[in-house]
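Q: If you scroll down you'll find the structure; I have some questions about it.
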Amino acid sequence: SIEYCIQFGCPLLTRQMKQWAINLINYILYEIIISNLSIMTWRGIYHYLDNYFYPDNVPMSAGISILIGYLLYFPLMYFQTYLEELNLKYDFWTFISINFPQFYRNIRHLLAFISCVFIWRGYWLIYDEYLYIFEDYYKTYLLFYIISFIYLSILQTASSINGPLSNMDDDNQFFPLYPHCYVSIVQRKFSQFKCFREKIQEENTKL
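Going left to right, the sequence shown walks through residues 487 to 693 as my numbering numbers them.
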């Protein structure tokens, strides 16, 4: 947020600003400037891939997009702790982390963004090509949207309930940069049900 940037990354201090001014600057930067830049970048990459990435072979284009996306996604997600500790092991990364603390993180953010574009595009092409329930395609998407939202709401893992994934608690702190805690949240939610709680108690008793 702008509050973090001003207070720690710039000479100005937010304590010298009114809260309404901080909120307004946050809104303008994120909702107007940053959001639009993200949409334009997303749209540009998406249309470039549509025009030059196997445009006449939808299955090939979708499959390679998903493959590239996940090849980027899994190392970024599951080696977070290791990558965060690089600055403790190598002098070069120590220098970078001290003098340019956001440099390598921004590179990882860029790669994470690209991985999302590839994965979304791959699945989107597959759904557009093969997923038909109603003659009007938007009715099919609306149906799946409702089903997905109901399912995620029951598990209490929908973004509209919890907010962005980055705001969700990661009890184990396995993913310091990109929180990835849906599994632990689902497990915690299920453990609150009586039948699951009794089963856990039985297992603990046996141990």
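Even for Gly, the Cβ is constructed at its ideal location relative to N, Cα and C. Remember, predicted model here, so these are calculated numbers, not experimental data.
Using the rule of at least 16 other Cβ atoms within 10 Å of the residue's Cβ for burial, across every protein chain shown, is residue 566 buried or exposed?
A: Classification of residue 566: buried, given that the 10 Å Cβ count is 16 or more.
Q: Using C-beta distances below 7 Å, list every residue in its chain close to residue 607, excluding the 5 sequence neighbours before and after it, in chain order.
A: Cβ neighbours of residue 607 beyond the five flanking positions: 532, 535, 551.
Q: Would you check if there are 3 or more beta carbon pairs closer than 8 Å linking the region 599-613 to the region 551-562?
A: Contact between the region 599-613 and the region 551-562 is present, because at least three Cβ pairs lie under 8 Å.
Q: Whole angstroms are fine: how far does the CA of residue 526 sit from the CA of residue 519?
A: For residue 519 and residue 526, the distance between alpha carbons rounds to 11 Å.
Q: Looking only at its own chain, which residues have a Cβ that is under 6 Å from the Cβ of residue 488, when we skip the five neighbours before and after it?
A: Here the model assigns residue 488 a pLDDT of 42, short of 50, so the residue's position is not dependable and the matter cannot be decided.
Q: List the whole-angstrom C-beta distance separating residue 562 from residue 594, where the pair is believed to meet the contact cut-off of C-beta under 8 Å.
A: Sure, about 6 Å apart at Cβ, within 8 Å.
Q: If residue 694 sits next to residue 620, beta carbons under 8 Å apart, how far is it from one beta carbon to the other, in whole angstroms?
A: The requested residue 694 is not part of the displayed model; the chain covers only 487 to 693.
Q: Do residue 611 and residue 558 have their beta-carbon atoms positioned less than 8 Å apart in this structure?
A: It is not a contact, given that the beta carbons lie outside the stated cut-off.
Q: Spatial neighbours of residue 548 within its chain, please: CB distance less than 6 Å, with the 5 preceding and 5 following residues excluded, ordered by chain position.
A: Hits under 6 Å: 608, 611, 612.
Q: Could you check whether residue 589 and residue 582 sit closer than 8 Å to each other, using their CB atoms as the reference points?
A: Result yes, Cβ atoms of residue 582 and residue 589 sit closer than 8 Å.
Q: Express the C-alpha separation of residue 586 and residue 571 in angstroms, rounding to a whole number.
A: Cα to Cα, the separation comes out at about 15 Å.
Q: Note the first and the last residue of the continuous alpha helix (DSSP H) segment covering residue 618.
A: Taken as a continuous stretch (DSSP letters only), residue 618 belongs to no alpha helix (DSSP H), as it is neither H nor E.
Q: Go ahead and pull the three-state DSSP assignment for residue 542.
A: Coil, per DSSP.
Q: Please report the Cβ distance between residue 540 and residue 546, rounded to the nearest whole angstrom; I am assuming they are in contact, meaning their Cβ atoms lie under 8 Å.
A: Between residue 546 and residue 540 the Cβ distance is about 5 Å, and since that is below 8 Å, they are a contact.
Q: Three-state secondary structure (DSSP) at residue 560?
A: If DSSP states are grouped into helix, strand and coil, residue 560 belongs with the helices.
Q: Determine the direct distance from the alpha carbon of residue 577 to that of residue 678, and round the result to whole angstroms.
A: For residue 678 and residue 577, the distance between alpha carbons rounds to 47 Å.
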